Amino acid sequence: MTVNKPVQESWRPQTLAVRGGTRRSDFGETSEAIFATSGYVYEYAEQAEGAFKDEIDRFIYSRFSNPTVDMFQERMALIEGAERGRATATGMAAVFASMACMVEAGDHVVASRALFGSCLVILTEILPRYGVETTLVDGGDLDQWRDALARPTRCVFIESPSNPGLDIVDIPAICDLAHNAGARVIIDNVFASPLLQKPLALGADIVVYSATKHIDGQGRCLGGIVLGDEDYCENILKPFMRHTGPSLSPFNAWVLLKGLETLELRIERHCRNARMIAEYLSGREGLARVRYPGLADHPQHELAARQMSDFGNVVTFSLEGGKAAAFRFMNALRMIDISNNLGDSKSLLTHPATTTHQRVAPEERAHLGIDDGMVRLSVGLEDAEDVKDDLEQALATAFVGN
Ligand SMILES: *Cc1c(COP(=O)(O)O)cnc(C)c1O
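Using my numbering, the letters of the sequence shown correspond one by one to residues 59 to 460.
Dropping the structure here:
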């Protein structure tokens with residue numbers, strides 16, 4: 059006796075986030091079960107033979123698939139509007155697998171240069187070792203994209219909004235150029251989360267997430283996922299993952315399933331808090347620059363408003379007085395934690411120039427708008443007034459005597 063109520067076509071994203079993909083066992087449990095098992099048993103030898111020949115569709119080994127992980131993949135695919143998804147142990151495993159599964163020596167890959175640090179390492183150090191050539195462009199400069207995509211290209215990799223500069227890339231425009239060059243377009247959609255930006259509807263082919271960020275959103279576990287069409291996921295990505303093994307653990311898949319149930323509530327509050335903080339900061343003296351895609355003075359505010367339904371929870375700002383002022387400010391914080399994670403229920407703040415982007419050359423950092431006074435704030439789910447009070451007292455301390 060299983061009590062499984064099928065997903066209805068009419069269900070909206072929040073309903074899918076709570077119920078999509080649920081597959082109950084014969085025990086009729088309300089909450090999704092954790093199938094903490096590495097393998098599966100067969101009734102007789104012929105069954106095992108058939109499973110390995112792909113003649114019987116069943117679970118074989120949890121490196122290939124697992125019921126709890128499947129539920130997470132299916133729920134994510136439903137929310138994203140993708141045909142399929144394959145979950146990974148981390149966001150970086152998703153980024154790497156999404157490209158490594160389809161490139162070969164001699165291929166050309168194009169990416170916007172404003173990327174998460176480890177994504178840059180994959181593109182500029184690891185893939186080139188396998189004979190893949192990478193061209194980096196300024197994401198906002200269509201001419202650079204046109205030049206780079208004038209030759210055949212296997213894939214295009216974009217992060218928008220970018221970390222930590224919050225630059226926006228015109229996704230539909232780049233997808234047109236990329237498709238003319240024969241490329242598949244991959245969007246790292248972490249900063250927007252699955253709710254605020256729909257890359258597939260904007261023309262992209264593949265979406266990747268670090269589920270460690272908003273999808274868990276409570277600082278508990280690492281995870282990632284690659285989403286796309288059936289041909290790519292089944293025939294290109296799945297064999298690569300099955301044999302290289304970056305699988306998500308069933309326990310982490312369960313944590314992420316539970317995270318999805320409250321994602322919309324959290325994202326709504328994250329965005330509301332971030333907007334309030336961005337507005338407070340933009341009126342504050344002593345700050346050289348405040349960046350939030352939702353502020354009218356963000357250079358690509360209109361583009362952001364066109365392709366996103368809200369603007370996320372990350373705000374960056376620069377203190378006049380450079381690194382010394384930024385460090386005085388950070389060390390004076392009484393509630394907001396110094397941490398390089400983001401999308402967490404706790405407000406977290408980091409100094410990119412000395413942490414996540416420390417390895418990036420100073421000229422390149424300047425080009426990306428990462429100056430020594432810049433901090434990145436991931437606004438959490440606390441009462442926004444308390445976040446503001448903490449920022450205000452720490453800024454006051456940082457500027458005493460200046
Ligand atoms: C965190 C992050 C990643 C990597 O995810 P992990 O889960 O830490 O491996 C990739 N891209 C972006 C934009 C991120 O913020």
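Heads up, the beta-carbon is just placed ideally off N, CA and C, and yes, glycines get one too.
This one's a predicted model, so the numbers in the text were calculated from it and none came from an experiment.
8 Å CB neighbourhood of residue i in its chain, flanking five on each side removed
i, result
"Ile114", "Gln105 and Gly108"
"Leu185", "Met157, Ala158, Val161, Val167 and Thr192"
"Phe385", "His409"
"Arg392", "Asp448, Gln451 and Ala452"
"Ala411", "Lys381, Arg423, Ile428, Asp429, Asp430 and Met432"
"Arg209", "His166 and Ala239"
"Gln358", "Gly198, Asp225, Ile226 and Pro351"
"Tyr119", "Ser96, Gly97 and Tyr98"
Neighbourhood of residue i by C-beta, 6 Å cutoff - its chain only, sequence neighbours within 5 removed
i, result
"Ser220", "Ala172"
"Pro252", "Ile137 and Glu138"
"Ser268", "Gly149, Val248 and Gly282"
"Ile394", "Ser405, Leu407 and Asp448"
"Thr455", "Ala390"
DSSP state of residue i mapped onto helix, strand, coil
i, result
"Val373", "strand"
"Leu260", "coil"
"Glu322", "helix"
"Phe249", "coil"
"Arg448", "One detail in the question is off: residue 448 reads as Asp in this sequence, not Arg. It is helical."
"Gly282", "strand"
"Thr148", "coil"
"Gly317", "helix"
"Ile428", "coil"
"Ser268", "strand"
"Ile173", "The question names Ile, yet the displayed sequence has Leu at residue 173. Looking at Leu173 - three-state DSSP - the assignment turns out to be coil, as it is neither helix nor strand."
"Ser120", "coil"
"Ser307", "coil"
"Phe215", "strand"
"Ile226", "coil"
"Arg204", "helix"
"Glu191", "strand"
"Ser220", "coil"
"His166", "strand"
"Arg417", "coil"
"Leu295", "helix"
Nearest neighbour of residue i, chosen from the options [CA to CA]
i, options, result
"Glu162", "Phe298, Phe457 and Val418", "Phe298"
"Ile273", "Cys177, Ala311 and Lys256", "Ala311"
"Ala135", "Val61, Ser376 and Thr80", "Thr80"
"Ala236", "Val265, Asp355, Asp205 and Pro71", "Asp205"
"Ala442", "Gly86, Glu337 and Pro64", "Glu337"
"Ala241", "Ile226, Tyr98 and Ala262", "Ala262"
"Thr462", "Gly97, Val99 and Val76", "Missing from the structure shown is residue 462; the chain here goes from 59 to 460 and no further."
"Cys233", "Gly275, Ser170, Leu254 and Ser340", "Ser170"
"Pro257", "Ser218, Asn293 and Arg278", "Ser218"
"Arg278", "Leu339, Ser403, Gly341 and Phe375", "Ser403"
Sequence-distant residues of its chain with Cβ nearer than 7 Å to residue i (five each side left out)
i, result
"Thr320", "none"
"Cys329", "Asp368, Phe369, Gly370 and Asn371"
"Gly344", "Leu377, Glu378, Leu453 and Phe457"
"Ile255", "At residue 255 the sequence reads Gln, which differs from the Ile that was named. Result list for Gln255: Asn247, Gln365 and Met366, in chain order."
Any C-beta of chain C under 8 Å from that of residue i
i, result
"Asn310", "Although the question refers to chain C, the structure presented lacks it and comprises just one protein chain."
- Length at least 4, wholly inside the stretch 333–365: the alpha helix (DSSP H) runs in chain order: 359–365
- Message: As an exercise, report each continuous beta strand (DSSP E) stretch of at least 3 residues that is fully enclosed by the stretch 378–411, in chain order.
- Response: 406–408
- Query: Which runs of the alpha helix (DSSP H), 4 residues or longer, sit entirely within the stretch 60–118?
  - Reply: Whole alpha helix (DSSP H) segments, 4+ residues: 71–77 and 103–110.
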